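Presented below is the structure to which this report refers.
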Amino acid sequence: LLDALADMGALAIERVRLVEDLDRAERAAETDRLRQALLTSISHDLRTPLASVLGAASTLRDLESALPADAKAELLATIIEESERLNRFIANLLDMTRLEAGAVAPNLSAQDVAETVDTALRRTQKILAAHRVAVEVEPDLPALALDPVLFEQVLVNLLDNAAKYAPEGSTVTLQVRRADDRVRIAVLDEGDGLPEADVERVFDKFYRVRKGDRVRAGTGLGLAISRGFVEAMGGTVTAGNRRDRSGACFTISLPVPARTAPKDIAA
Ligand code: ADP
639 LLDALADMGA
649 LAIERVRLVE
659 DLDRAERAAE
669 TDRLRQALLT
679 SISHDLRTPL
689 ASVLGAASTL
699 RDLESALPAD
709 AKAELLATII
719 EESERLNRFI
729 ANLLDMTRLE
739 AGAVAPNLSA
749 QDVAETVDTA
759 LRRTQKILAA
769 HRVAVEVEPD
779 LPALALDPVL
789 FEQVLVNLLD
799 NAAKYAPEGS
809 TVTLQVRRAD
819 DRVRIAVLDE
829 GDGLPEADVE
839 RVFDKFYRVR
849 KGDRVRAGTG
859 LGLAISRGFV
869 EAMGGTVTAG
879 NRRDRSGACF
889 TISLPVPART
899 APKDIAA
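The sequence shown maps to residues 639 to 905 in UniProt numbering.
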């Protein structure tokens with residue numbers, strides 16, 4: 639009986655190993671597919687702007703004397719715009735790599751959310767110049783444990799998206815509210831919103847609802863990075879569509895730190 643049991647045990651172990659091997663092979667194949675897709679996407683995002691820069695620069699060099707001034711100005715504008723696109727993409731790639739390597743260590747300190755929100759709004763003033771901006775910040779919000787650099791970058795990303803994906807003249811709303819032991823920061827716009835089925839996918843690396851959308855410059859990395867940064871600070875960020883009208887709504891939720899030294903007990 640003991641021998642039979644031992645045999646059955648060995649068989650069971652063998653089966654588990656086989657299943658594990660299969661799982662591993664499947665996972666490896668999936669990782670390979672993902673890596674391939676990433677590589678294709680990265681090389682496309684690097685090569686397309688680079689090709690535009692090269693094209694414009696070569697035209698300028700070869701036809702310099704024959705080109706009218708406005709054509710030259712247009713070529714120069716292309717070179718600058720496309721170089722900026724490349725710059726943004728590389729900065730995003732570096733942020734993403736740092737996040738994935740676990741190398742983003744937030745420098746948390748007590749921050750006044752209202753002030754940080756103001757700074758982000760100042761930084762996006764130009765981008766949002768063609769939109770109306772409504773700011774609704776609840777008074778007397780508690781200080782939050784934030785890395786102001788990371789937090790600002792997330793807000794700038796969300797505001798930048800609102801400016802890009804909602805029509806000029808529409809209103810972008812920034813709300814900051816306390817909800818129990820959390821503070822919620824929401825960016826709402828009046829654009830077309832997100833396809834309901836893809837609401838979670840917008841946080842995937844390189845995901846863009848309209849593939850190859852070059853009118854609205856983007857890398858498909860902004861939201862992936864934003865989520866990484868918010869989570870590194872102990873918060874969450876979610877995407878959805880507005881219920882009151884058409885438009886997207888992105889909500890950052892951050893915990894209110896436990897009060898260790900309430901100022902009203904002092905003295
Ligand atoms: P991108 O660089 O393409 O803007 P993001 O990661 O910031 O990359 O966003 C991913 C995709 O999510 C965008 O390409 C766009 O399709 C969609 N998206 C993001 N924000 C909004 C928004 N406010 N309204 C509609 N779609 C949005």
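Glycine included, every Cβ here is placed at the ideal spot set by N, Cα and C. Since this is a predicted model, take the numbers as computed values, not measurements.
According to DSSP, residue 823 shares a beta bridge with 814 and 890.
By the neighbour-count criterion, in which a residue is buried when 16 or more other Cβ atoms sit within 10 angstroms of its Cβ, residue 863 is buried. With distances taken between CA atoms, residue 749 lies nearest to 782 out of 743, 755, 782 and 893.
According to the DSSP secondary-structure assignment, residue 749 is paired through a beta bridge with 782. In this structure, the straight-line span from the alpha carbon of residue 815 to that of residue 777 is close to 9 Å. Note on geometry: alpha-carbon atoms of residue 726 and residue 687 lie some 11 Å from one another. Taking 8 Å as the cut-off, the C-beta of residue 873 does not count as close to any heavy atom of the ligand ADP.
In the structure shown, residue 742 falls within a coil segment according to DSSP collapsed to helix, strand and coil. Counted as a single uninterrupted DSSP element, the alpha helix (DSSP H) harbouring residue 658 occupies residues 640–701. Assignment of residue 761 by DSSP, reduced to helix, strand and coil, places it in the helix class. Taking C-beta atoms as the reference points, residue 830 and residue 885 count as a pair closer than 9 Å. Contact check for residue 844 and residue 859: beta-carbon distance about 7 Å, within the 8 Å limit, so the pair qualifies. For residue 772, the enclosing beta strand (DSSP E) starts and ends at 770–775. In the DSSP assignment, residue 878 falls within the beta strand (DSSP E) that extends over 874–879. Per DSSP, residue 716 has no beta bridge partner at all. Annotated three-state conformation of residue 735 is helix, per DSSP. Contact check between the stretch 724–742 and the stretch 762–780: fewer than three CB pairs, one atom from each, fall below 8 Å, which does not count as touching. When DSSP states are grouped into helix, strand and coil, residue 754 belongs to the helix group.
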